[in-house]
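So the sequence shown is numbered by my numbering: it starts at 961 and just counts up by one.
Here's the structure, in structure tokens; my notes come after.
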Amino acid sequence: MSSSNQYNRLAIVFHWLLALLIILSMIIGKVVLERIPNSDPEKLNILQGHSIFGIIIGLLMIARYLNIKLRGKPDPIDSSGKLMRQTALWAHRIIYLLVFITVATGLAMAVQADFPAVFSGVATLPESFNHLTARTVHNLSTNLLILVLLTHISAALYHQLIMRDKILHRLRWKRMD
Ligand code: HEM
């Protein structure tokens, strides 16, 4: 495998950093945030951290997209047939779309509940976020994102372990010649 079959190093950093931040945000959202009532004073700190992570994810996604658009990406892997290539292409587009919807609906909740005023101590959190449409869409997009990401990870493992086409080498820091 030549280095032209690998993603550029910036794309590799974006990929693994985003994977980590998205998984952490999912866990914090599903396991912690969703279960703590807004009346709990602890919620404020966790919500602040979650919002900052979410905004960083949004910015990194834009940077990642621009990097790929400007510097291109390696050709599809040889072992993929036309159908597999199309499926992968659409899976990646859906991941981008769902992450952007999740960040946008998170930001919409932040605006509607006036997070800047809440975080600076001038206002308090609403009793709950459940009445907000953005909250319903945020919940839906995160559930869909979990599903698509699990498919994405399974496909990568299928390539790596069953087809043995070294697909993960394309996302390795070390250059292959
Ligand atoms: C890709 C980025 C993000 C991910 C993966 C994510 C993930 C999650 C998850 C899994 C939940 C629980 C949803 C549920 O099942 O009900 C949640 C809730 C929430 N998120 Fe996000 N989120 C992201 C970005 C953001 C951003 C940017 C903000 C705000 C600036 C935000 C604000 C919130 C709020 C207010 C809740 C509701 C908490 C509650 O109802 O108790 N999120 N998020």
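Where is the CB? At the ideal position from N, CA and C, for every residue including glycine.
Assigned exposure category for Met-1123 - 16 Cβ within 10 Å defines buried: Met-1123 comes out exposed.
Ile-996 in three-state terms, based on DSSP: Looking at Ile-996 - three-state DSSP - the assignment turns out to be coil, as it is neither helix nor strand.
Can the beta-carbon of Val-1063 be found closer than 8 Å to that of Gly-1014? Going by C-beta atoms, Val-1063 is nearer than 8 Å to Gly-1014.
Report, in whole angstroms, the separation of the C-beta atoms of Ile-1113 and Gln-1120, which I expect to be a contact under 8 Å. Actually they do not touch by this definition, with Cβ atoms about 10 Å apart.
What is the C-beta distance between Ser-1101 and Ile-1061, in whole angstroms, given that I count them as a contact (C-beta under 8 Å)? Right, the Cβ-Cβ distance comes to about 4 Å (below 8 Å), so this counts as a contact.
Does Thr-1065 come out as helix, strand or coil in the three-state DSSP assignment? Thr-1065: helix per DSSP, three-state reduction.
For Met-1167, is the classification buried or exposed, using 16 other Cβ atoms within 10 angstroms of its Cβ as the cut-off for buried? A question about residue 1167 goes unanswered here, because the residues of the chain that appear run from 961 up to 1137.
Under a three-way DSSP split, which group does Ala-979 fall into? Helix.
Go to Arg-1124, then tell me how far its alpha helix (DSSP H) extends in each direction, as first and last residue. Annotation for Arg-1124: no alpha helix (DSSP H) segment contains it, and DSSP assigns it neither H nor E.
In the DSSP assignment, find the alpha helix (DSSP H) that holds Ile-1106 and state where it starts and stops. From DSSP, the alpha helix (DSSP H) with Ile-1106 extends over 1093 to 1117.
Please determine whether the Cβ atom of Leu-993 lies at a distance below 7 Å from any heavy atom of the ligand HEM. Under cutoff, so the answer is yes.
Sequence-distant residues of its chain with Cβ nearer than 7 Å to Ala-1094 (five each side left out): For Ala-1094, where only same-chain residues beyond five positions count, the Cβ hits under 7 Å are Thr-1065, Ala-1068, Met-1069 and Gln-1072.
If you follow the alpha helix (DSSP H) that Ser-1011 is part of, which residue opens it and which one closes it? Counting along the chain, the alpha helix (DSSP H) containing Ser-1011 begins and ends at 1002 to 1031.
Should Ser-1080 be counted as a contact of the ligand HEM given a C-beta to heavy atom distance under 7 Å? Result no, Cβ not under 7 Å from the ligand HEM.
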